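Below: one structure, written as structure tokens.
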Amino acid sequence: MSQQNLTLLTDFYELTMMQGYFKEKDANETVVFDMFYRNNPCGNGFAICAGLDQVIDYIKNLHFDQSDIDYLAGTGMFESDFLDYLKNFHFSGDIFAIPEGTVVFPREPLVKVIAPIMEAQLIETALLNIINHQSLIATKTYRIVHAAQGDGVMEFGLRRAQGPDAGVYGARAAMIAGCIGTSNVLCGKMFNVPVKGTHAHSWIMSFPDELTAFRAYAKLYPSACILLVDTYDTLNSGVPNAIKVFKEMREAGIPLTFYGIRLDSGDLAYLSKRAKAMLDEAGFTDAVITASNDLDEELINSLKLQGAAINSWGVGTNLITSKDCPSFGGVYKLAAIRDKNTGKFIPKIKLSENAEKITNPGNKTIKRIYNKENGKIIADLICLVEEEFDASNSLLLFDPIQTWKKTHLAPHSYTLRDLMVPVFLHGECVYTSPAVMDIRDYCQRELATLWDESRRLVNPHSVHVDLSNELWHIKNQLLESYHVR
49 MSQQNLTLLT
59 DFYELTMMQG
69 YFKEKDANET
79 VVFDMFYRNN
89 PCGNGFAICA
99 GLDQVIDYIK
109 NLHFDQSDID
119 YLAGTGMFES
129 DFLDYLKNFH
139 FSGDIFAIPE
149 GTVVFPREPL
159 VKVIAPIMEA
169 QLIETALLNI
179 INHQSLIATK
189 TYRIVHAAQG
199 DGVMEFGLRR
209 AQGPDAGVYG
219 ARAAMIAGCI
229 GTSNVLCGKM
239 FNVPVKGTHA
249 HSWIMSFPDE
259 LTAFRAYAKL
269 YPSACILLVD
279 TYDTLNSGVP
289 NAIKVFKEMR
299 EAGIPLTFYG
309 IRLDSGDLAY
319 LSKRAKAMLD
329 EAGFTDAVIT
339 ASNDLDEELI
349 NSLKLQGAAI
359 NSWGVGTNLI
369 TSKDCPSFGG
379 VYKLAAIRDK
389 NTGKFIPKIK
399 LSENAEKITN
409 PGNKTIKRIY
419 NKENGKIIAD
429 LICLVEEEFD
439 ASNSLLLFDP
449 IQTWKKTHLA
459 PHSYTLRDLM
469 VPVFLHGECV
479 YTSPAVMDIR
489 DYCQRELATL
499 WDESRRLVNP
509 HSVHVDLSNE
519 LWHIKNQLLE
529 SYHVR
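Residue numbers are given in this note's numbering: position 108 of the sequence shown equals residue 156, and the series is strictly consecutive.
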């Protein structure tokens with residue numbers, strides 16, 4: 049994977065604030081920022097976090113080269129002493145994050161940055177850009193894969209993605225969330241993931257006739273022979289010609305290891321059932337029937353309900369753009385400032401007349417609580433880093449808004465897991481990203497910890513994200529101190 053200097057991939061006000069902190073010598077305090085989101089995308093019951101690997105690459109390569117300095121000087125907004133400081137800039141703080149492929153829920157920090165405020169402020173925009181995009185595509189992909197009910201789903205979205213980076217990293221996120229392959233060759237090379245594809249209508253049209261085109265393709269790729277059958281007439285030409293080629297292969301002793309047809313237009317339920325009957329009658333009962341054509345989770349679910357004889361899906365536009373929900377909505381908020389005298393973090397809170405925009409203060413972490421008997425998630429608990437919990441003790445959970453809603457967990461009935469891991473400490477990377485296919489396997493294990501009610505695509509059950517008693521009291525004391533009405 050090539051490294052890229054994305055230092056100027058930031059909003060201009062991050063740099064003007066940096067200069068302000070630089071000029072106010074006492075202002076560059078060590079702070080805590082949390083990156084979190086407020087609502088699950090696509091009406092889902094959870095999200096799948098992704099993008100950490102690119103964040104790591106971004107932080108490692110964070111520096112201002114001379115062309116950056118010259119460009120900033122040309123804006124007329126920055127003074128020479130600040131520009132001199134930028135020449136030796138590097139990230140010196142700590143970053144904690146939830147590993148890629150983990151199922152996550154609203155309001156819990158996906159990434160936590162502890163650094164001098166100049167550094168923490170600079171990385172806000174790029175961090176949000178990366179995590180927001182890839183977590184969105186991973187979550188959308190889950191919905192499509194879930195609707196496919198175990199059939200293979202291939203990511204085919206590069207030509208419809210919003211630019212090369214969105215195509216490459218969107219495909220990576222799709223692989224994490226369960227796709228079996230991507231058509232994106234660059235993604236395949238960069239991340240060592242399977243690349244897959246068949247052929248276009250232009251292949252058929254470039255030959256004198258459809259049968260000749262099919263024969264040529266089968267000769268080239270006998271072990272991966274998926275024939276596109278809807279260029280002219282699916283049932284009267286495409287499928288019969290595909291069957292003729294499969295018979296010729298069988299008679300020639302060529303093993304039919306992976307073969308079948310692809311449908312890219314028309315009534316996919318009707319055509320697939322008719323095509324399946326024709327293939328079965330000819331003795332090709334194990335032929336793959338794959339479908340494409342503007343698919344999403346709703347259409348795949350509908351086709352399943354109609355009994356469509358499709359067992360492989362190629363999904364492009366609606367996956368790679370998350371067409372029905374184009375934004376993840378993650379935010380990055382100041383949560384604490386370190387006291388220079390005591391070294392302790394002073395909790396900070398952002399207030400709003402909109403209750404959901406009020407932040408959770410303090411230097412926090414997340415405990416995931418599982419049912420000890422079946423390993424399913426009971427709840428997530430946001431707490432202060434210094435708090436300790438022991439599963440041998442009872443635990444009282446309560447809704448942070450509707451506090452009368454409580455759950456009492458008996459001793460030894462649950463287990464605890466720390467969700468956040470250190471990624472950078474004192475500016476040095478201490479975390480190695482797993483291979484994408486390993487993250488994909490991990491993601492499947494994560495999904496298995498959800499109750500079925502939380503995985504359904506329509507009106508899913510919400511997993512509780514609670515605050516510890518201590519954090520809840522600190523938050524309410526801050527709210528009271530500001531006399532919000």
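Cβ coordinates follow ideal geometry from the N, Cα and C atoms, glycine included. This one's a predicted model, so the numbers in the text were calculated from it and none came from an experiment.
Rounded to the nearest angstrom, the gap between the Cα atoms of Leu457 and Ala163 is 36 angstroms.
With contacts defined as CB atoms closer than 8 angstroms, Pro409 and Lys388 fail to qualify as a contacting pair. The Cβ-Cβ distance between Tyr380 and Leu176 falls below 8 angstroms. Proximity to Arg263 across Phe130, Ile302, Val241, Ala330 peaks at Ile302, based on C-alpha coordinates. In the DSSP secondary-structure assignment, Ala163 is bridged to Val79. Around the CB of Gly236, 16 or more other CB atoms lie within 10 Å, so the residue is classed as buried.
Contact annotation, Asp514 with Ala427: C-beta distance approximately 6 angstroms; criterion of less than 8 angstroms satisfied.
Among the bridge pairs identified by DSSP, Asn419 is matched with Tyr462. Counting along the chain, Val193 sits inside the alpha helix (DSSP H) bounded by residues 172-195. Ile425 is a Cβ neighbour of Leu498, given a cutoff of 8 angstroms.
Within its own chain, the residues whose Cβ lies closer than 8 angstroms to the Cβ of Ala356, once the five positions on either side in sequence are excluded, are Leu316, Ala317, Ser320, Lys321, Ala339, listed in chain order. Secondary structure note for Lys453: it is in no beta strand (DSSP E), with a DSSP letter that is neither H nor E. For Val233, no beta strand (DSSP E) encloses it; the enclosing alpha helix (DSSP H) starts and ends at 233-239. With fewer than 16 other CB atoms across the displayed protein chains lying within 10 angstroms of its CB, Trp452 is exposed.
If you draw a straight line from the Cα of Gly215 to the Cα of Val241, it is about 14 angstroms long.
Between the alpha carbons of Leu443 and His521 lies a distance of about 17 angstroms. Scanning its chain for C-beta atoms nearer than 6 angstroms, with the 5 sequence neighbours on each side dropped, one finds around Gln182 the residues Ala98, Gly99, Tyr217, Ala221, in chain order. Looking at the DSSP output, Phe84 sits in a beta bridge with Val379. Excluding its 5 nearest sequence neighbours in each direction, His512 has C-beta neighbours in its own chain below 6 angstroms: Ala427, listed in chain order.
Taken in chain order, the complete beta strand (DSSP E) segments of 3 or more residues contained in the segment 305-342 are 307-311, 336-339.
Excluding its 5 nearest sequence neighbours in each direction, Leu57 has C-beta neighbours in its own chain below 6 angstroms: Ala174, listed in chain order. Judged by DSSP secondary structure, Ala427 falls within the beta strand (DSSP E) whose first and last residues are 425-432. Excluding its 5 nearest sequence neighbours in each direction, Gln197 has C-beta neighbours in its own chain below 8 angstroms: Lys352, listed in chain order. A Cβ-Cβ separation of about 12 angstroms leaves Phe139 out of contact with Phe112 under the 8 angstroms criterion. In the three-state DSSP reduction, Cys90 falls in the helix class (H, G or I). With distances taken between CA atoms, Ala121 lies nearest to Gln67 out of Glu72, Asp82, Ile146, Gln67.
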